[in-house]
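Engineer: Please see the structure below; I have some questions.
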Amino acid sequence: MAERALQCPCLAELRSGPCGSHFSEAFLCFIKSTAEEKGSDCVHPFVALQKCIKANPNAFSKDVLDDSEGRETVEEEVSGEIKIIPPSWSREPK
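Below is the structure:
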């Protein structure tokens, strides 16, 4: 099922771009995640994807690179400069 989801045409550009392998690994990890908080066991693949995106800014639209939108005060510092920020859909409404 996860592999089939990854083959969706809507993901083709992400799969074939410079961070395709990182995207595929993070996406599959999230889909297959059995953690109580879905995806919480996928930190390392998502950090690798984030690093790749930052290393290849010309390959992504501005809204993908804009990391200020929707991130009020919820940040968790993890090993040095890497920050794990939960997606906006996972936060409690104010």
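Throughout, the working numbering is defined as the position within the sequence shown, counted from one, plus 529. Backbone N, C-alpha and C define an ideal beta-carbon position, used for all residues, glycine too.
Determine the burial state of G599: buried for a count of at least 16 other Cβ atoms within 10 Å of its Cβ, exposed for fewer.
Structural biologist: Only weak support is given to the placement of G599: the predicted model assigns it a pLDDT of 48, under 50, and the value that follows is read from those uncertain coordinates. Label assigned to G599: exposed.
Engineer: To the nearest angstrom, report how far apart K591 and K583 are at their CA atoms.
Structural biologist: Cα to Cα, K591 sits roughly 11 Å from K583.
Engineer: Which value, in whole angstroms, describes the spacing of the CA atoms of H551 and Q579?
Structural biologist: Distance between the alpha carbons of H551 and Q579 is about 9 Å.
Engineer: Counting C-beta neighbours from all protein chains within 10 Å, is the total for P538 16 or more, i.e. buried, or is it exposed?
Structural biologist: Exposed.
Engineer: Please classify A555 as buried or exposed, where buried requires at least 16 other C-beta atoms within 10 Å of its C-beta.
Structural biologist: By the neighbour-count rule (16 or more Cβ atoms within 10 Å), A555 is buried.
Engineer: Determine the closest residue to H573 out of S553, N587, N585, with distance taken between C-alpha atoms.
Structural biologist: The candidate whose alpha carbon is nearest that of H573 is S553.
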